[in-house]
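S.K.:
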C-alpha cells in the first residue's frame, strides 16, 4: 500500500496547489454559470464535470498526437526494413518485388554512409508520400552514377538525421538495382534558403546532392532553410 | 458535505457499484499517469540526445551555392518590366498591342530575357523597338537567321530585340544592351479570332506562364535557355519555357495595365470580367471602353472578358473579308441552330473515365476547384452508367482496375477517394492518359474521358499525339483548372479528343461551367462537318471537327471571288443537315489575311505529328509565315538598332526576368520538392503538453477521488 499512498500524496499536492492559485481561465466554463440547477450546491459539480470533459479531451488529443509522433518514426523505420527485404529479393530474383502489397513507389537506389553506419533505400520521387518511407530521388534529376546531378531529399528528423554528422571528405556510396556501386566524396556542405535553392542540372562531374531541412533540432516543420550536402564522384569509380 | 454524500451512498447495493467505479477510476488514473511519465521520460531523453548531437556539429555558413549564376555574390538585380496591353475588339476579331517596357535600374549593362504567354491562337505579326524617340521596325526572318542577326548586333554593341515562339502560347523577348538607367520599349502586336460559346464571346489574355513540369530523363543536347528547368528527352527546351519565379513572400513583379476598346457591332446584354475588377464606360453606337478598376495588376493570372449579345442580336452567321496584296481573305462564323425540341434523343448509357491532375502545381485553389468539379460530375452519373477515377502526379493511381457500374457503393467510394485527394509531386501525364485510353471495348456505351488539369507540362506535343493515336471511339473533354492554365494544350487535347474544353478559374464558377459542360457531354450537335467554298479557295482548318451545343464553326479562306454561297454540310442527331451562307455583301475587316495564314500554319504544324516530314512542313510554314510577317515555330521577329550604343567590349549580363507565381498556387508544392521535416517533434511536444493539461484538469476536478476520501 505504501507506493499507492505516495502516489496519492503527490496527486493530492498537485490538487492543493491548483486550488491555492486562482482558477485557471481554461477551466472556467460559461456552461457552469448557466446550469439549469441554480443552487450554489450544484455549481462546483457542473464545473467538475466540465473539468472532467476538458481532461478527457486533452487526454484523447494528447494520446493521438504523441501516438502520431511515434507512428511517424515507427513507419520510417519499419518501411526501411521492408524496403531492404524487397531490395534483396529483387536483386536475387531479378524480378521487381514490392515492399508491401499496396506500395505505389519503386526503389531506385541504396545509399550508404559508412562513417555513420547508415544504409538507406531511396525511393522514386520526393513527395510527402515517399518521404514517409525513405529518402526520395527527385524526378527530373539525374540517376546516381550518371553524368549530371542526382538529388535526394529526406526528412531531417528521420532518415537524413545523420546528415549533420557528415563532414567534407566523407565517402557516400550508392548501390544501383543491378548491384553496381558508385563512390562519392562530400565536397561542400551549405545551408541555403529554399527560395534561392537552384540545383545545378549540369555540373561538370557526376554529383550527388542530399537535401534536408535545417535546423535539425527545430520543433516546427516547414522552415525555409535547407541543409545541402554536395558530393562528387570519386575519380575512377564512375 | 462530501462525507455526507458518501454516507448516503453506503445505503445498500449502490455501495458495490460505487466501489467498482472508484477502482476503475483508480486503474485508469494509474494507467494515464504511467503513460505520461514514460512518455515524458522518452521525451527528455530525446531532447537531451538532440541537444548533444546538435552541439557537436558546427553550424555551417549560409551559402548561395545553389544560385544559378554560380557565383558566390548576390545575384544581380534583373531589369524591371512594365506591360501595357491595348485590345481593340471589332466583331469577331481582336487586335492586341502588348507594350513591354524594360527598365534597367542597375549600374550594369543588361540583356533581358522575358518568357511570356499569349493566347494560343495569337498571330504575332508586328514588332517595334523604341529607344528614346527612335523607333525600329522588326523584320521577319527564319528562326536561325533571326537569332544570328540578333547575336551579331549584340557583338557589335548595337541594341536589338528578338521575339521567338516557344509554343503556340509561349513567346520569348530578348533585349540586348539595356544601358544603366535606360529604358527600352518593345511593342508586339497580334491578331486573334474570338471564341464564341453558349451565347457569349470570350476574350482571354494570359499574363503568366505557370511553372511547367518537364518529364523524361536529362538530355544534354537540348536548347539552351535561361530558365530553371532541366532539358529532358521529352522536353528538350525546358530551359526556355521556365522563367524564374519570385517567391510570393517577396512581393509581386511585372505590373500590367489593360484596356479594351469593345466594338461588338450589336447591342449587349452583359459584359463581365470574372477574375479582375473592371471599369466600363459606354460611348455611342454600342462602343465600350473597359479598363482595370485598380490601374495595374500583377501579371499572375489570365484576364478574361465575356460579353453577351442581346437575344435579338445573337448571331447566326457572320462573314468578314479583307482584300490584301491582290488576294481576298474571308472569315466565316456559323452557329448551327440548337436541335429542334420534340424528338429528344434517348440518352445512351455512358462510360465516363475521370482523370484528375494532383501534381504540385495544382496545390492551392486549383485542387479545390478540381475536386468540386469532380464531385459534381460524379453526381451526374445515372444508374446503368459505368465510371472510373484516375489520379496522377509522379505516379498514376486508378480508383478501380477497370470502369465499374455506378451504384451507391461505388459512388460513395469514389466520393471519399476524391475528398482525400492531395496535390503533390510531378506531372507524369502520359501514364494516366494511357490508363484511361486502354484498348478495351465497351459496346453499347458512349465512352467519355473527362480530364481535369492545369496542363502545366512541357511535353504537350507528345501527349496530344498519344490522345490522337489511342482515342478509338471515345471523346475526351478537358477542363482547364486554375488561374493560368495551359490553354494551348487544353484546346488541342480536346480538339484531337473530339470533345470540347472548359475553363474553371474560380471555385465559384464550378457549378455554372460544369452545368454547361454536362449539356455538351450528352452528344455533339453536329458531326461529319464539311465546308465547301465557291470558286478556287484555300480553306483552313480542313477538318473542323465535331460541334457541341452552343459552339460555332469558324473557318478562314483565301478565295478568288466573294460571290455565291458557303455551304456547310454535316449530320445532326443522325440526320443530314446543311446550311448556306451568302458571300455577297460581306463586311470588310482588316487582319483576316493574317488569321488565314495563322490557321494554315497551325494545320501544317500539326501535320508533322500526322507523319509529314519535318523538312516539308518547315518549308511550307516558312513560306506562309514570311509572306504574312508572322512569328511561328520556324520564324522570329527581330529589330536591330542602326548604330552601336554600348561602349566597345561591353558584355551585357544576360538576365532572365522573374515572373509571379500564378495566383492561388503554392510555391512550396512546386519548387520545394518535398517538405523535409516531419511534424513528429511538434506533435510529440503538443501531445505531451495536452497530457499534462489533462492531468491537471483531472486532479483539480476530482474532489471525490477515493484516495482523498480515504486520506481524511
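Residue numbers (the working numbering), protein chains in the order written: chain A, 254 to 491; chain B, -19 to 692. We put the beta carbon where it would ideally sit given N, CA and C, even for glycine. Note that the structure is predicted; figures quoted are calculated from it, not measured.
1) When you compare the stretch 579 to 586 of chain B with the stretch 77 to 85 of chain B, are there three or more beta-carbon pairs, one atom per stretch, that lie closer than 8 angstroms?
2) Span of the alpha helix (DSSP H) holding residue 644 of chain B?
3) Would a check of beta-carbon distances place residue 321 of chain A closer than 8 angstroms to chain B?
4) Taking Cβ to Cβ, would you say residue 481 of chain A is nearer than 8 angstroms to residue 439 of chain A?
5) Helix, strand or coil, according to DSSP, for residue 708 of chain B in the structure here?
6) Spell out a yes or no on whether the stretch 88 to 98 of chain B and the stretch 147 to 162 of chain B are touching, meaning 3 or more CB-CB pairs, one atom from each, closer than 8 angstroms.
7) Using beta-carbon positions only, say whether residue 495 of chain A and residue 456 of chain A come within less than 8 angstroms of one another.
8) Check each candidate in B:454, B:487, B:380 and B:439 and name the one with the smallest Cα separation from residue 470 of chain B.
9) With C-beta atoms as the reference, is residue 342 of chain B less than 8 angstroms away from residue 259 of chain B?
10) Taking Cβ to Cβ, would you say residue 364 of chain A is nearer than 8 angstroms to residue 375 of chain A?
11) Is residue 460 of chain A closer than 8 angstroms to residue 424 of chain A when the C-beta atoms are compared?
12) For a contact meaning CB atoms closer than 7 angstroms, what does residue 325 of chain A contact in chain B?
13) Does the count of Cβ pairs from the stretch 178 to 196 of chain B and the stretch 503 to 513 of chain B closer than 8 angstroms reach three?
14) Just verifying my parser: in three-state terms, what is the DSSP assignment at residue 130 of chain B?
15) Please look up how many angstroms separate the CB atoms of residue 606 of chain B and residue 105 of chain B, rounded, as I've assumed it's under 8 angstroms.
16) Under the three-state reduction of DSSP, which class applies to residue 367 of chain A: helix, strand or coil?
17) Within 8 angstroms of any Cβ in chain A, is that where the Cβ of residue 396 of chain B sits?
18) If you reduce the DSSP assignment to three classes, tell me which class residue 508 of chain B lands in.
19) Starting from the C-beta of residue 679 of chain B, find all residues in its chain whose C-beta is less than 7 angstroms away, skip the five residues before and the five after it, and write them out in chain order.
20) Does residue 611 of chain B come within less than 8 angstroms of chain A when only Cβ atoms are used?
21) Which residues bound the beta strand (DSSP E) around residue 96 of chain B?
22) For residue 429 of chain B, name the three-state secondary structure that DSSP assigns.
23) What are the residues in the stretch 383 to 411 of chain A lying within 9 angstroms of chain B by C-beta distance?
24) Could you run through the stretch 364 to 376 of chain A and flag, in chain order, every residue whose CB is less than 9 angstroms away from some CB of chain B?
25) Taking only beta-carbon atoms, is residue 473 of chain A less than 8 angstroms away from chain B?
26) Please name the residue, chosen from B:301, B:238 and B:462, that lies closest to residue 488 of chain B on a Cα-to-Cα basis.
27) Going by the CB atoms, is the gap between residue 666 of chain B and residue 103 of chain B shorter than 8 angstroms?
28) Whose C-alpha, out of B:282, B:168 and B:394, is nearest the C-alpha of residue 381 of chain B?
29) Is the CB-CB distance between residue 615 of chain B and residue 123 of chain B below 8 angstroms?
30) Considering Cα atoms alone, identify which of B:337, B:405, B:352 and B:363 is closest to residue 378 of chain B.
31) Within the same chain, show all residues whose beta-carbon is closer than 8 angstroms to that of residue 366 of chain B, passing over the 5 residues directly before and after it, in chain order.
32) Which ranges does the alpha helix (DSSP H) cover as unbroken runs of at least 4 residues, wholly within the stretch 459 to 541 of chain B, from first to last along the chain?
33) Please report the distance separating the alpha-carbon of residue 37 of chain B from that of residue 419 of chain A.
34) Would you kindly work out how many angstroms separate the C-alpha atoms of residue 372 of chain B and residue 334 of chain B, rounded to a whole number?
35) For my contact list, residue 500 of chain B and residue 529 of chain B are in at a C-beta cut-off of 8 angstroms; report their separation, rounded to the angstrom.
36) Determine, using beta carbons only, whether residue 572 of chain B and residue 309 of chain B come nearer to each other than 8 angstroms.
M.R.: Considering the structure as presented:
1) Taking a cut-off of 8 angstroms on C-beta distances, the stretch 579 to 586 of chain B does not touch the stretch 77 to 85 of chain B, as fewer than three cross pairs fall below it.
2) For residue 644 of chain B, there is no enclosing alpha helix (DSSP H), as DSSP gives it neither H nor E.
3) Closer than 8 angstroms: yes.
4) Going by C-beta atoms, residue 481 of chain A is not nearer than 8 angstroms to residue 439 of chain A.
5) Any answer about residue 708 of chain B is impossible in this case: the structure gives chain B only from -19 up to 692.
6) Enough Cβ pairs lie closer than 8 angstroms, so yes.
7) An answer regarding residue 495 of chain A cannot be provided, because it is not within the stretch 254 to 491 covered by chain A.
8) For the residues B:454, B:487, B:380 and B:439, the minimum Cα distance to residue 470 of chain B belongs to B:439.
9) No.
10) When the beta-carbon positions are compared, residue 364 of chain A and residue 375 of chain A come within less than 8 angstroms of each other.
11) No. Outside cutoff.
12) 658 and 660, listed in chain order.
13) Because the criterion of three Cβ pairs below 8 angstroms is not met, the stretch 178 to 196 of chain B and the stretch 503 to 513 of chain B do not touch.
14) Reduced to three states, the DSSP call for residue 130 of chain B is helix.
15) Not confirmed; about 11 angstroms, so no contact.
16) In the three-state reduction of the DSSP assignment, residue 367 of chain A falls in the helix class.
17) The Cβ of residue 396 of chain B sits no closer than 8 angstroms to any Cβ of chain A.
18) Strand at residue 508 of chain B.
19) The answer is none, since no qualifying residue turns up.
20) For residue 611 of chain B, the answer is no, since every Cβ of chain A falls outside 8 angstroms of its Cβ.
21) Element bounds for residue 96 of chain B: 90 to 97.
22) If DSSP states are grouped into helix, strand and coil, residue 429 of chain B belongs with the strands.
23) If the cut-off is 9 angstroms between Cβ atoms, the stretch 383 to 411 of chain A has 383, 384, 385, 389, 391, 392, 393, 394, 395, 396, 399, 400, 401, 402, 404, 406, 407, 408, 409, 410 and 411 near chain B.
24) Listed in chain order, the positions of the stretch 364 to 376 of chain A with a beta carbon within less than 9 angstroms of a beta carbon of chain B would be empty, since no residue qualifies.
25) Chain B, which has a Cβ nearer than 8 angstroms to the Cβ of residue 473 of chain A, makes this yes.
26) The shortest C-alpha separation from residue 488 of chain B is found at B:462.
27) Using a Cβ distance threshold of 8 angstroms, residue 103 of chain B and residue 666 of chain B do not count as a contacting pair.
28) Of the residues B:282, B:168 and B:394, the one whose Cα lies closest to the Cα of residue 381 of chain B is B:394.
29) In contact: residue 615 of chain B and residue 123 of chain B (Cβ atoms closer than 8 angstroms).
30) Of B:337, B:405, B:352 and B:363, the residue nearest in Cα terms is B:337.
31) Correct list, in chain order: 329, 330, 331, 332, 383, 384, 385, 386, 422 and 425.
32) Segments of the alpha helix (DSSP H) lying fully in the stretch 459 to 541 of chain B: 467 to 476 and 490 to 502.
33) Only weak support exists for where residue 37 of chain B lies, its pLDDT of 31 falling under 50; the coordinates are left without a value.
34) Cα atoms of residue 372 of chain B and residue 334 of chain B: separation of roughly 11 angstroms, rounded to the nearest angstrom.
35) The Cβ separation is near 5 angstroms, so the contact holds.
36) Yes, Cβ-Cβ distance for residue 572 of chain B and residue 309 of chain B is below 8 angstroms.
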